[in-house]
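Number of protein chains: 2
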Amino acid sequence: MTDAAKFEKIYERERVKIDRELHKIFREKKPLSLYQPASYILTLPGKRLRPFLVLLTANVCGKKFSEVYRAALALEMMHTFTLVHDDIMDNADKRRGSDTLHKKYDLSTAILSGDGLLSIAYNYLIKDANVNTRTVIAEFTNGLIEVCEGQSLDKEFETRSKVSLDEYLTMIDKKTAIMIETCCAIGSLLAGADAGTVKTLKKFGKNLGMAFQIQDDLLDVIGEEKEFGKKIGGDLIEGKKTFLFLDALAKAKGKDLLDLKKVITNKGIKSNEVAHYRAIYERVGTFESAKKKIKFYSDKAEKCLKQLPDSGEMNILVWLTDKLIKRKY
Amino acid sequence: MTDAAKFEKIYERERVKIDRELHKIFREKKPLSLYQPASYILTLPGKRLRPFLVLLTANVCGKKFSEVYRAALALEMMHTFTLVHDDIMDNADKRRGSDTLHKKYDLSTAILSGDGLLSIAYNYLIKDANVNTRTVIAEFTNGLIEVCEGQSLDKEFETRSKVSLDEYLTMIDKKTAIMIETCCAIGSLLAGADAGTVKTLKKFGKNLGMAFQIQDDLLDVIGEEKEFGKKIGGDLIEGKKTFLFLDALAKAKGKDLLDLKKVITNKGIKSNEVAHYRAIYERVGTFESAKKKIKFYSDKAEKCLKQLPDSGEMNILVWLTDKLIKRKY
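Chains as they are written, first to last, in this note's numbering: chain A, 1 to 329; chain B, 330 to 658.
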């Protein structure tokens, strides 16, 4: 069996296990009015990237998966909490191919179930926080604070006519990359890794997270609809100022520029206009820029990994980084 | 100076100091879109009972106020987080005499600022959690979980036609009393108190919290409008199943019973009907029952205090309990 096949098998095995554990968390917990909706959203199918990263980074630093499993689940719960509240703010109907929580239930239930998910996340994190307790919880909390700040910037950008690419990168750093970084921090800290290793793995996570988000922006326009589980061009339709949009806006001239500005003025486009805007992106070289930027961050992520001692545990992180930036959905 | 005057002076001094510290927390923090609304709601005038209890219980166990100040502020932030999200769920316009967060800003801002307040609460708690770190954070988290469960029950009760007094007591135990208990747990734990003392102070907090909430229900009907800062009879107008309402419902007969059932069917009453319902409460002895129940819990709270060594630090807790159950707003 090749390494890649072996790693794929490990990922698949843990993903199934994470799903099984997520199903157990709220089983038999009362009141049902709080925990049933929380369980519904938590068990919708997902990549489980964040908990998997906690397992892998702990493993690289010498801990068994089983020793940090509850912390890993905590990171998935914290992530799901942000999805639930973001979906309310974005007025989104669908999440992971199913109804969002506030659509399936109602606003109050969604707010409260989000809060519940976050509180149980802390609860699970504490269960595994035997080593570096205070730092682990501080990292988790810092991640949470930055996610709130990132989401706040994201909402701010919606109503602003001008957003620079740098501002956008700061926003996704806070909104997305920080959580990937936090997973790596917590995995390594729980394994009692030295400060240098923790720092390197955090840097790896941050860069992986940046690559991951820009990849997400790219897939929104060129991804495969069925697999991606979202409408292609959804960001354009909603008028989101993504990496691609801002890059194109900075490069376009003449009619292309006017058309891009219309997206801002009209707060989005119609579904049948997506192809037109995709052509603009192609014309001005935005897909090239996005791919270059993804490579820039994923190269940095892999460079961090090369600073750490070579091992089988380590190579799966290299493989995962490669897999994520090559994903089609 | 009498003890009472001395204690009143301490409370007033700390309340001013807590307010000053609360004003500082979000000053110069960015993004403003997140922290300005959070600061607005956090600095509206309040009793600051929760942080004061952290200070007092830590002090009883041998720590200076200054050593647990950030933990005290954390409890006020956590409390404010619950108010912000509850106000959205209750569709409330006013809080502490001013606009609620979602009224002054908007829904997204209120959800996110609530989340932000909670995350900064953890951040502040960690700063002071040098002693019993894991237990302190576990207590705080447990408080948060119970508050979510309590709020979920409260929302459930709104749509249920039958709620027993016992169910109501469970609900306020989770929604209100737990946080008062958590304050006492955290104050004593941070002071490194022995398990017995922590347990006694938690029990004190729980009973004080129960007395406090039923007192709140009572003041809603017989309180002084101007000082209470809320509309008199607001719970009746909104059709809330409070201690008073459920007690009256269990005792009333004939037309009184029919009138009470109408409150459930119509999901509330008109402002000009408050006096009529107050008369029913009077007639069936509900005010008596409420006062008895408040005395029951506050006696239990004071009994807990008597189990601890007598001291000046301790007597202020006795005084505070007495003050709270005698308050008029």
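Here a beta-carbon is modelled for each residue, glycine too, at the ideal position from N, C-alpha and C.
Since the structure is predicted, the reported quantities are computational estimates derived from the model, not experimental observations.
CB contact flag (residue i, residue j, <7 Å)
| i | j | result |
| --- | --- | --- |
| LEU189/A | THR321/A | no |
| ILE178/A | LYS293/A | no |
| GLN480/B | LEU153/A | no |
| THR43/A | LEU201/A | no |
| TYR35/A | PHE26/A | yes |
| CYS477/B | GLY116/A | yes |
| ALA619/B | LEU573/B | yes |
| THR462/B | ARG70/A | no |
| THR182/A | ASN452/B | no |
| VAL397/B | ASP457/B | yes |
| ALA579/B | LEU589/B | no |
| ALA138/A | ILE455/B | yes |
| LEU49/A | PHE65/A | no |
| PHE625/B | LYS570/B | no |
| LEU73/A | GLU21/A | yes |
| ASP585/B | ILE551/B | no |
| LYS432/B | ASP422/B | yes |
Whole-Å CB distance - residue i paired with residue j, under 8 Å assumed
| i | j | result |
| --- | --- | --- |
| LEU447/B | PHE410/B | 4 Å |
| LEU404/B | PRO380/B | 5 Å |
| LEU101/A | ASP87/A | 7 Å |
| PHE541/B | ILE515/B | No, PHE541/B and ILE515/B are not in contact; Cβ-Cβ is about 18 Å, not under 8 Å. |
| ALA520/B | CYS390/B | 3 Å |
| ALA121/A | MET171/A | In fact, because the Cβ distance is near 23 Å, the residues do not count as touching under 8 Å. |
| ILE566/B | ILE598/B | 6 Å |
| GLY239/A | VAL263/A | 5 Å |
Residues bridged to residue i [DSSP beta-bridge criterion]
| i | result |
| --- | --- |
| ASP247/A | ASP247/A is not bridged to any residue. |
| LYS423/B | ASP428/B |
Buried or exposed (CB count within 10 angstroms, at least 16 for buried), residue i
| i | result |
| --- | --- |
| SER640/B | exposed |
| ASN272/A | exposed |
| ASP220/A | buried |
| GLY97/A | exposed |
| MET714/B | The structure shown does not extend to residue 714/B, since chain B is modelled only from 330 through 658, so no value can be given for it. |
| THR265/A | exposed |
| ILE18/A | buried |
| ARG85/A | Note that residue 85/A is His in the sequence shown, not Arg. Answer is buried; the Cβ neighbour count reaches 16. |
| LEU547/B | buried |
| ASP324/B | Given that chain B is displayed from residue 330 to residue 658, the structure contains no residue 324/B and the question cannot be resolved. |
| VAL16/A | exposed |
| CYS110/A | First, the residue type needs correcting, since residue 110/A is Ala and not Cys in the sequence shown. Under this definition ALA110/A is a buried residue. |
| GLU288/A | exposed |
| GLU343/B | buried |
| THR615/B | buried |
| ASP628/B | exposed |
| ASN459/B | exposed |
| GLY143/A | buried |
| SER490/B | exposed |
| ALA4/A | exposed |
| GLY583/B | exposed |
| TYR637/B | Looking at the sequence shown, residue 637/B is not Tyr but Leu. Burial call: buried. |
| SER33/A | buried |
| LYS353/B | exposed |
| THR176/A | buried |
Residue-level contact to chain C via CB, residue i, 7 Å cutoff
| i | result |
| --- | --- |
| ILE294/A | You won't find chain C in this structure, because its protein chains are A and B. |
- Please list the residues of the region 440-453 of chain B that have a C-beta atom closer than 7 Å to any C-beta atom in chain A, keeping them in chain order. ILE440, LEU441, ASP444, GLY445, SER448, ILE449, TYR451, ASN452
- Task: Using a Cβ-Cβ cut-off of less than 7 Å, give me the residues of the region 137-154 of chain A that come near chain B, in sequence order.
- Result: ILE137, ALA138, THR141, LEU144, ILE145, CYS148, GLU149, GLN151, SER152, LEU153
- Query: When you check each C-beta in the region 365-384 of chain B against every C-beta of chain A, which residues fall closer than 7 Å?
  - Reply: none
- Quick one, which residues of the region 401-414 of chain B are near chain A if we go by CB-CB under 9 Å, in chain order? PHE410, THR411, HIS414
- Message: So if I threshold CB-CB distances at 9 Å, which residues from the region 571-587 of chain B count as touching chain A?
- Response: none
- Message: Beta carbons nearer than 7 Å to chain B: which residues of the region 267-284 of chain A have them?
- Response: none
- Task: Report the residues of the region 156-172 of chain A with a CB closer than 7 Å to any CB of chain B, ordered along the chain.
- Result: GLU156
- Residues of the region 175-196 of chain A whose Cβ lies closer than 9 Å to any Cβ of chain B, in chain order: none
- Task: May I ask you to list, following chain order, the residues of the region 303-323 of chain A that have a beta carbon less than 7 Å from some beta carbon of chain B?
- Result: none
- Give the residues from the region 6-36 of chain A that approach chain B closer than 7 Å (Cβ to any Cβ), ordered along the chain. PRO31, SER33, LEU34
- Query: Along the region 87-110 of chain A, what residues have a CB closer than 7 Å to any CB found in chain B?
  - Reply: ILE88, MET89, SER108
- Message: Against chain A, which members of the region 385-399 of chain B pass a CB distance test of less than 9 Å?
- Response: none
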